[in-house]
Structure formats: structure tokens, C-alpha cells
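A.B. asks: Add 25 to the 1-based position in the sequence shown for our numbering, that's all there is to it. Virtual Cβ for every residue (Gly too), placed ideally from N, Cα, C.
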Amino acid sequence: MAKPVSIEVWNPNGKYRVVSTKPMPGTRWINLLIEQDCRVEICTQKKTILSVEDIIALIGDKCDGVIGQLTEDWGEALFSALRRAGGTAFSNMAVGYNNVDVKAANKYGVAVGNTPGVLTETTAELAASLSLSAARRIVEADEFMRAGLYDGWLPHLFVGNLLKGQTVGVIGAGRIGSAYARMMVEGFKMNLIYYDLYQSTRLEKFVTAYAEFLKSTGEKPVTWKRAASMDEVLREADVISLHPVLDKTTFHLINKETLSRMKKEAILVNCSRGPVIDEVALVEHLKENPMFRVGLDVFEDEPYMKPGLADMKNAIVVPHIASASKWTREGMATLAALNVLGKIKGYPVWSDPNRVEPFLNENVRPPAASPSIVNAKVLGLPVSKL
Ligand SMILES: NC(=O)c1ccc[n+]([C@@H]2O[C@H](COP(=O)([O-])OP(=O)(O)OC[C@H]3O[C@@H](n4cnc5c(N)ncnc54)[C@H](O)[C@@H]3O)[C@@H](O)[C@H]2O)c1
Ligand SMILES: O=C(O)[C@H](O)CO
Numbered sequence: 026m027a028k029p030v031s032i033e034v035w036n037p038n039g040k041y042r043v044v045s046t047k048p049m050p051g052t053r054w055i056n057l058l059i060e061q062d063c064r065v066e067i068c069t070q071k072k073t074i075l076s077v078e079d080i081i082a083l084i085g086d087k088c089d090g091v092i093g094q095l096t097e098d099w100g101e102a103l104f105s106a107l108r109r110a111g112g113t114a115f116s117n118m119a120v121g122y123n124n125v126d127v128k129a130a131n132k133y134g135v136a137v138g139n140t141p142g143v144l145t146e147t148t149a150e151l152a153a154s155l156s157l158s159a160a161r162r163i164v165e166a167d168e169f170m171r172a173g174l175y176d177g178w179l180p181h182l183f184v185g186n187l188l189k190g191q192t193v194g195v196i197g198a199g200r201i202g203s204a205y206a207r208m209m210v211e212g213f214k215m216n217l218i219y220y221d222l223y224q225s226t227r228l229e230k231f232v233t234a235y236a237e238f239l240k241s242t243g244e245k246p247v248t249w250k251r252a253a254s255m256d257e258v259l260r261e262a263d264v265i266s267l268h269p270v271l272d273k274t275t276f277h278l279i280n281k282e283t284l285s286r287m288k289k290e291a292i293l294v295n296c297s298r299g300p301v302i303d304e305v306a307l308v309e310h311l312k313e314n315p316m317f318r319v320g321l322d323v324f325e326d327e328p329y330m331k332p333g334l335a336d337m338k339n340a341i342v343v344p345h346i347a348s349a350s351k352w353t354r355e356g357m358a359t360l361a362a363l364n365v366l367g368k369i370k371g372y373p374v375w376s377d378p379n380r381v382e383p384f385l386n387e388n389v390r391p392p393a394a395s396p397s398i399v400n401a402k403v404l405g406l407p408v409s410k411l
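#1: Verify whether the separation of the beta carbon atoms of residue 261 and residue 320 is less than 8 Å.
#2: Per DSSP, what kind of secondary structure is residue 20 in: helix, strand or coil?
#3: Starting from residue 220, trace the beta strand (DSSP E) in both directions and tell me its first and last residue.
#4: Quickly, what does DSSP pair residue 117 with across the bridge? List them, please.
#5: For residue 287, which option in 268, 255, 30, 274 has the closest C-alpha, if you only look at C-alpha atoms?
#6: What do you reckon, is the C-beta of residue 140 under 7 Å from a heavy atom of ligand 2?
#7: How many Å lie between residue 26 and residue 36 at the Cα?
#8: Only counting the same chain, and skipping five residues up and downstream in sequence, which positions put a Cβ closer than 6 Å to that of residue 108?
#9: Taking C-beta to C-beta, are residue 192 and residue 215 nearer than 8 Å?
#10: Determine the direct distance from the alpha carbon of residue 378 to that of residue 187, and round the result to whole angstroms.
#11: Less than 8 Å separating the beta-carbons of residue 347 and residue 140?
#12: Nearest to residue 64 by CA position, among 84, 182, 43, 115, is which residue?
#13: Quick check on residue 329: buried or exposed, where buried means 16 or more other Cβ atoms within 10 Å of its Cβ?
#14: So which of 105, 163, 350 has the shortest CA-CA distance to residue 184?
#15: So, with DSSP's three-state summary, where would you put residue 370?
#16: Between the region 287-298 and the region 265-276, do at least 3 Cβ pairs fall closer than 8 Å?
#17: Measuring CB to CB, does residue 101 end up less than 8 Å from residue 62?
#18: Tell me the DSSP secondary structure of residue 207 in three-state form.
#19: In or out: residue 39 buried (at least 16 other Cβ within 10 Å) or exposed?
#20: Is residue 39 near ligand 1, in the sense that its beta carbon is under 7 Å from a heavy atom of that ligand?
#21: What residue ranges within the region 319-374 form continuous alpha helix (DSSP H) runs of no fewer than 4 residues, ordered along the chain?
#22: If you measure from each CB to the nearest heavy atom of ligand 2 and keep those under 5 Å, what residues do you get, in chain order?
#23: Does the beta-carbon of residue 252 have 16 or more other beta-carbons within 10 angstroms, so that it is buried, or is it exposed?
#24: Run through the DSSP bridge pairs and tell me what residue 194 is partnered with.
#25: Around the Cβ of residue 223, are there at least 16 other Cβ atoms within 10 angstroms (buried) or fewer (exposed)?
#26: Cα separation between residue 284 and residue 105?
#27: Is there at least one non-hydrogen atom of ligand 1 closer than 7 Å to the beta-carbon of residue 296?
#28: Looking only at C-alpha atoms, which of 302, 248, 249 sits nearest to residue 273?
#29: Decide if the region 373-389 is in contact with the region 72-85; the criterion is three or more beta carbon pairs, one per stretch, under 8 Å apart.
#30: Three-state secondary structure (DSSP) at residue 26?
#31: For residue 369 and residue 353, I'd like the C-alpha separation in whole angstroms.
#32: Can you tell me the Cα-Cα spacing of residue 5 and residue 111, whole angstroms?
#33: Below 8 Å, can you find three or more Cβ-Cβ pairs linking the region 149-159 to the region 399-408?
#34: Do residue 323 and ligand 1 come close, with the Cβ less than 7 Å from some heavy atom?
#35: What's the C-alpha gap between residue 22 and residue 217?
#36: Have a look at residue 59 and residue 401 and give me their C-alpha separation to the nearest angstrom.
Written as C-alpha cells, this is what we have:
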């Protein structure tokens, strides 16, 4: 049995015990829970990644619901412990839930929540930042400056790529991939090629309308293409950004072979999940192709990087911060808390997880519903008619 962990308690006399495995930004999420008779316990232990044993100790003998993090392994052991403690509600504070064994949750009748929508633009903006930083070699130039190496303007100093008129490739054109595509097309007048299992009609319409606008002002219109295969994107795009979910079909989607199909001077950005890229193969590719650049927010074995990656000048690496804007992180906390609260109170599940704005308006009471429960259908949970 793990040692007891340090916790902060809000509303000690609340009827329902809700545990958050981490302090989360803002206080709205806490207030929403305590207003509805929850005792909120927040783990304040100074350990970034909690083990399964740590979380079992947090759940204890009586727990109605848990808000957890993407770094935790939510499987058989945790869902059975939660159920034994009387709990039926869990929410990841993340849209991605590859750390959750949903089948195990189903087995114990535990609802699994996630936090879509509120992080779409913030995450897309980080992907756009990495694309620009790689294209214009911002990090290398910053290091050069701070090292006192700048001794005057030179025609060849940190020459990078112009994005305008180049092709941006998006793999996984869902919420975030589409938002990123729109930013790159509208912001930098790039042409779009995308690959997804599903057609993104809204994205196509957006680019078509923008092309019409450019034509009407006498500018060269942008173009779009839905690729029939990922290979088409790899061969044609100058900048490729990865935004699929992580599952069996996307594990090591980018590997030695697929890297070799990309242009020698391409830019690859990953703000999805680390294992979508075979990181060992990527390090080799970066070594062999100094003009190939990469911008990474996520890593195969977080928090670690594969050997050699940190030494590569043609790699920009940031620590999984794509959703890290204040508004988004507070919103994620709110959605996660409301997912758990909704299940505890027997509220229905919100009918459209792509439209979560009504839960985020600070001045209005949120709807009596769980914003996004990924196994709602399997558990037969009612759907909100609002
Ligand atoms: N780095 C971060 O901080 C951060 C932040 C938010 C989300 N994410 C990651 O981004 C992912 C996407 O989030 P979203 O809200 O856009 O989800 P989404 O469900 O709207 O989009 C995912 C898209 O991937 C597509 N897809 C699935 N399998 C595919 C395949 N084999 N090939 C091509 N496309 C495929 C889906 O059809 C879908 O359109 C999340 O699952 C999460 O892992 C990371
Ligand atoms: O899936 C997610 O939501 C991210 O990785 C963290 O925001």
C-alpha cells in the first residue's frame, strides 16, 4: 500500500467526495463542485507523475468521482478501486484519452470524460508557432544572439523558408488539425493538402471561400486537396503537422520509411501524441538531413527524449505545452469537473461535445449535463435535449 498523500480539502462536509489528482488552474471548477454539495480533495504531493498505487491511496474507501491527468495509467486497477469505493465517474483533464482503458471503465460502469473543444485554438496556435519557429529558425537564432555571436548583418545569416505559396499538409484534420489548417492557409496563404479518414467539408468550404476572396482582390488564390493516402501528403507538403488521435492505426505513423518520402527540406510538427512518431528513426533522419526541421511538443517516452534528439539544431522541442493558455487550462478544469459532477448527479450527457461553449461562460450557470463522456453510449447514459 502506498504512503498517504498530501491533500487540500474544500467543503469538508460535502456529501459527494471528488478527488483531483492534481491542482488545476482557476477556481471556477472548485466552486462549481462545492456549490453542488461536493467535498473536493486535491492532491498536492510534489511528484509530477502519480503511480497507480498513489492514486489508489487517494481514492481510499469512499470516492464518488476522480479528475485525473493524461500522465496516469487509468486501467483495470484504478477503475476497480474507484468502483469499490462507490465511484462511477472519472474525467481526464485532456481531450486525448489514450492513457485510459475505456473497456476497463465500461466493465466497472465508470463514465470516462474528456475535454474537447476548449483547447482547439490554443493547441493549433502552438502548432503554428512551431511551424513558424522551424521555418524561420527562431530558436537557433535566439541561442546565437544570447551566446554573443552576433557581430553584424550578413546575407546568409539564419536564412529559412518562406511559407507563403508553399503547401501545408495536415494529417488528422479533426478539430485541432482543421483549426491549424485554417491558420496556416489564411495567415500565410499556404495551399492545403490533408489526410483524414473522414472528409472535412467545413475546412474545404473555408479554403474555397478564402480562395474566392483572394481572387476577388486580384491575389493568387490558395488551393486545397483531400489526399487519398497519407503518402500523398508526405510527398507534396512543405510543412506537415500531425493531429490524429493516438491509437493502433497511428502508432509510429511517421517512421524511417515514411520520413524518407518527405521532402529533404520539409518541416514536421507534432502536437498530437509522441508515439505517432518513431523518435529513434526521427533522430537518424535529422542527422542525415540537416535541412529537415522538426517542431515537437510531445515525445515517445515522456518526459524523456530519445538519445540524440536534444543535440539536434534542426529540432525545436517544448514540454507538452500546446494547450497551455490560461483560458484553455481553466476551461479544461471546468469541463473535467463538470463531467464528473454530471455523472454523480445523474445529469444527462451533452449532445454535442464539439459545442462546449455554454459550459465555459463564467457569468452563466452551466447546463445540467456532463460536457463530454466518451463511453456514454456503451453505458447507456441519457443524452441532453438542451
Ligand atoms: N499536445 C497537446 O497538448 C495536445 C492538446 C490537445 C490535443 N492533443 C492531441 O490531439 C489529438 C486530436 O485532438 P482533436 O480535438 O483534434 O481530436 P479530433 O477527434 O477532433 O481529431 C482527430 C482526427 O484524427 C483523425 N484520425 C484518426 N485516425 C487517423 C488515421 N489513422 N489517419 C489520419 N487521421 C486519423 C480522426 O478522423 C479525426 O478527424 C488528441 O487526441 C490528443 O491526443 C494534444
Ligand atoms: O490531449 C490533451 O488534451 C493534451 O495533450 C493536453 O492538453
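C.D. replies: Taking the geometry as given:
#1: By one-based count along the sequence shown, residue 261 stands at place 236. By one-based count along the sequence shown, residue 320 stands at place 295. In this structure, residue 320 does not lie closer than 8 Å to residue 261 by Cβ.
#2: The question about residue 20 has no answer here: the residues shown for the chain are numbered 26 through 411.
#3: Within the sequence shown, the letter at position 195 stands for residue 220. Going by DSSP, residue 220 is part of the beta strand (DSSP E) stretching over 216-220.
#4: Counting from 1 along the sequence shown, the entry for residue 117 is found at position 92. Residue 117 is bridged to 93.
#5: Stepping through the sequence shown from its first residue, residue 287 is reached at position 262. Comparing Cα-Cα distances from residue 287 to each of 268, 255, 30, 274, the minimum goes to 255.
#6: Along the sequence shown, read from residue 1 onward, the residue named residue 140 stands at position 115. Result yes, Cβ under 7 Å from ligand 2.
#7: As a working mapping, residue 26 is identified with position 1 in the sequence shown. As a working mapping, residue 36 is identified with position 11 in the sequence shown. The predicted model places residue 26 with a pLDDT of 47, which falls under 50 and marks its position as unreliable; any figure quoted below should be read in that light. If you take the alpha carbons of residue 26 and residue 36, they lie about 27 Å apart.
#8: Start at 1 with the first residue of the sequence shown, and residue 108 comes out as number 83. Close CB contacts of residue 108 within its chain, under the 6 Å cut and outside five residues either way in sequence, are with 133 (chain order).
#9: Stepping through the sequence shown from its first residue, residue 192 is reached at position 167. Stepping through the sequence shown from its first residue, residue 215 is reached at position 190. In this structure, residue 192 lies near residue 215, with their beta-carbon atoms less than 8 Å apart.
#10: As a first step, residue 187 is located in the sequence shown; it is residue number 162 there, counting from the start. As a first step, residue 378 is located in the sequence shown; it is residue number 353 there, counting from the start. Between residue 187 and residue 378, the alpha-carbon positions lie close to 37 Å from each other.
#11: Taking the first residue of the sequence shown as position 1, residue 347 is located at position 322. Taking the first residue of the sequence shown as position 1, residue 140 is located at position 115. No, the pair does not count as a contact, with Cβ atoms beyond the cut-off.
#12: Mapped onto the sequence shown, residue 64 falls at position 39. In this structure, 43 is the residue among 84, 182, 43, 115 with its C-alpha nearest to the C-alpha of residue 64.
#13: As a working mapping, residue 329 is identified with position 304 in the sequence shown. By the C-beta density criterion, residue 329 is exposed, having fewer than 16 other C-beta atoms within 10 angstroms.
#14: If you number the sequence shown from 1, residue 184 lands on position 159. It is 163.
#15: Position 345 of the sequence shown, counted from the first residue, corresponds to residue 370. If DSSP states are grouped into helix, strand and coil, residue 370 belongs with the helices.
#16: Result yes; three or more Cβ-Cβ pairs closer than 8 Å.
#17: Here residue 101 is taken as the residue at index 76 of the sequence shown, counted from 1. Here residue 62 is taken as the residue at index 37 of the sequence shown, counted from 1. No, the Cβ-Cβ distance between residue 101 and residue 62 is not below 8 Å.
#18: Within the sequence shown, residue 207 is the residue found at index 182, counting from 1. Reduced to three states, the DSSP call for residue 207 is helix.
#19: Here residue 39 refers to the residue found at position 14 of the sequence shown. Within 10 angstroms of the beta-carbon of residue 39 lie 16 or more other beta-carbons, which makes it buried.
#20: Sequence index remark: in the sequence shown, residue 39 carries index 14 (1-based). Not under cutoff, so the answer is no.
#21: Listed in chain order, the complete alpha helix (DSSP H) runs (minimum 4 residues) inside the region 319-374 are 351-370.
#22: Counting only heavy atoms of ligand 2, the residues whose C-beta sits closer than 5 Å to one of them are, along the chain, 119, 120, 121, 348.
#23: Reading the sequence shown from its first residue, position 227 is the one you call residue 252. So residue 252 counts as buried.
#24: For the purposes of this step, residue 194 is taken as the residue at position 169 of the sequence shown. BP columns for residue 194 point to 218, 265.
#25: The residue labelled residue 223 in the question sits at position 198 within the sequence shown. By the 10 Å Cβ count, residue 223 comes out exposed.
#26: On the sequence shown, position 259 is the one that residue 284 refers to. On the sequence shown, position 80 is the one that residue 105 refers to. Our two residues, residue 284 and residue 105, have alpha carbons roughly 42 Å apart in a direct line.
#27: Along the sequence shown, one-based indexing puts residue 296 at 271. Between ligand 1 and the CB of residue 296, the shortest heavy atom gap is smaller than 7 Å.
#28: Here residue 273 refers to the residue found at position 248 when the sequence shown is read from its first residue. Residue 302 holds the alpha-carbon nearest to the alpha-carbon of residue 273 among 302, 248, 249.
#29: Too few Cβ pairs lie closer than 8 Å, so no.
#30: The residue given as residue 26 occupies position 1 in the sequence shown. The predicted model places residue 26 with a pLDDT of 47, which falls under 50 and marks its position as unreliable; any figure quoted below should be read in that light. In the three-state reduction of the DSSP assignment, residue 26 falls in the coil class.
#31: Taking the sequence shown and counting its residues from 1, the one referred to as residue 369 is at position 344. Taking the sequence shown and counting its residues from 1, the one referred to as residue 353 is at position 328. So the alpha carbons of these two residues sit roughly 24 Å apart.
#32: This structure gives no information on residue 5, because the portion of the chain shown stretches from 26 to 411.
#33: Cβ pair count under 8 Å is below three, so no.
#34: As a working note, residue 323 is residue 298 in the sequence shown. At least one heavy atom of ligand 1 is nearer than 7 Å to the Cβ of residue 323, so yes.
#35: Lying outside 26 to 411, the shown extent of the chain, residue 22 is not represented and no answer is given.
#36: Within the sequence shown, the letter at position 34 stands for residue 59. Within the sequence shown, the letter at position 376 stands for residue 401. Going by the C-alpha atoms only, they are around 25 Å apart.
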